[in-house]
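Report on the following structure.
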Amino acid sequence: MDSPSTLNSWPSYPPNPPAAANETSHYAIMSFMLDFYRHTIILVDLRFTIHWDAGKQSQRFAPVAFAAELITEDPDLFIQSLDAACQERIRAVTKYTMYRFDKPVNFEVERSFVWKGFEKARLSIRGLSPDELWAQLQLMKTRGYQDCVRVDMAVEIEAGEELRGQRIMISS
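Right under this line is the structure:
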């Protein structure tokens, strides 16, 4: 049995909470909260478009495939961790471009399971009950995680200085 001194030696959580003024604090807290769950590495096929100027302007990006550590213990947390991983990847892809952003104004997403060998046949995650989503995750596990999750995401951002400047140059 642990002594009281051993129990008191654990660090307090969160160990270094992000500053309230930090733009990424929501994502840091979210990723910290998700660390308490078991993660599984799953292949994600991400296709995304950035929209700005109230949706009047947009830029489609090339598809990106990446391995993401997602929570597969709970269907709701799976969706949350999938969305967080995709937004983090989009932020990384656009970091050194004029499309960079701190946090999205809004985003729309369509998620689906794609089985290896059946890329044309997709099962939309929208409309699946938690039990059906759980069954699909178990099927992926049984198949050795050879399958992927395709995410089509549209992200609306506030236009930064470069995008506002580009809009002025186009309209001149």
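Numbering (this note's numbering), first residue to last: 356 to 527. Think of the CB as a built atom: it goes at the ideal place given N, C-alpha and C, for glycine as much as any other residue.
Any idea if residue i is buried or exposed, counting beta-carbon neighbours within 10 angstroms, 16 or more meaning buried?
i      : result
Arg505 : buried
Val510 : buried
Pro485 : exposed
Met524 : Because Met524 carries a pLDDT of 48, less than 50, the predicted location of this residue cannot be relied on, and no value is offered for it.
Gln493 : exposed
Ile396 : exposed
Phe473 : exposed
Arg502 : Position check: residue 502 holds Asp in this sequence, whereas Arg was assumed. Under this definition Asp502 is a buried residue.
Ala440 : buried
Would you kindly work out how many angstroms separate the C-alpha atoms of residue i and residue j, rounded to a whole number?
i      : j      : result
Ala409 : Ala514 : 9 angstroms
Leu483 : Ala422 : 23 angstroms
Leu488 : Thr452 : 36 angstroms
Thr427 : Phe468 : 14 angstroms
Gly499 : Ala476 : 19 angstroms
Leu432 : Ser413 : 30 angstroms
Leu478 : Leu518 : 36 angstroms
Ala417 : Val460 : 22 angstroms
Glu443 : Lys450 : 10 angstroms
Met495 : Leu398 : 11 angstroms
Ile445 : Leu437 : 12 angstroms
Thr546 : Glu424 : Any answer about residue 546 is impossible in this case: the structure gives the chain only from 356 up to 527.
Ala490 : Phe462 : 27 angstroms
Arg466 : Ile512 : 20 angstroms
Arg481 : His394 : 22 angstroms
Glu516 : Ile434 : 33 angstroms
Pro401 : Met508 : Note on residue identity: the sequence assigns Leu, not Pro, to residue 401. Answer to the nearest angstrom: the Cα atoms are 8 angstroms apart.
Ile405 : Val464 : 12 angstroms
Phe456 : Lys471 : 33 angstroms
Trp407 : Pro430 : 31 angstroms
Can you tell me where the alpha helix (DSSP H) holding residue i begins and where it ends?
i      : result
Leu494 : Pro485 to Thr497
Tell me which residue opens and which closes the beta strand (DSSP E) that residue i is part of.
i      : result
Ile480 : Per DSSP, Ile480 belongs to no beta strand (DSSP E) and is neither H nor E.
Ile396 : His394 to Trp407
Asp302 : Outside the modelled stretch of the chain, which goes from 356 to 527, sits residue 302, for which no answer is possible.
| request: For the stretch 421 to 471, list the alpha helix (DSSP H) runs that are entirely contained and at least 4 residues long, ordered along the chain. | output: 430 to 449
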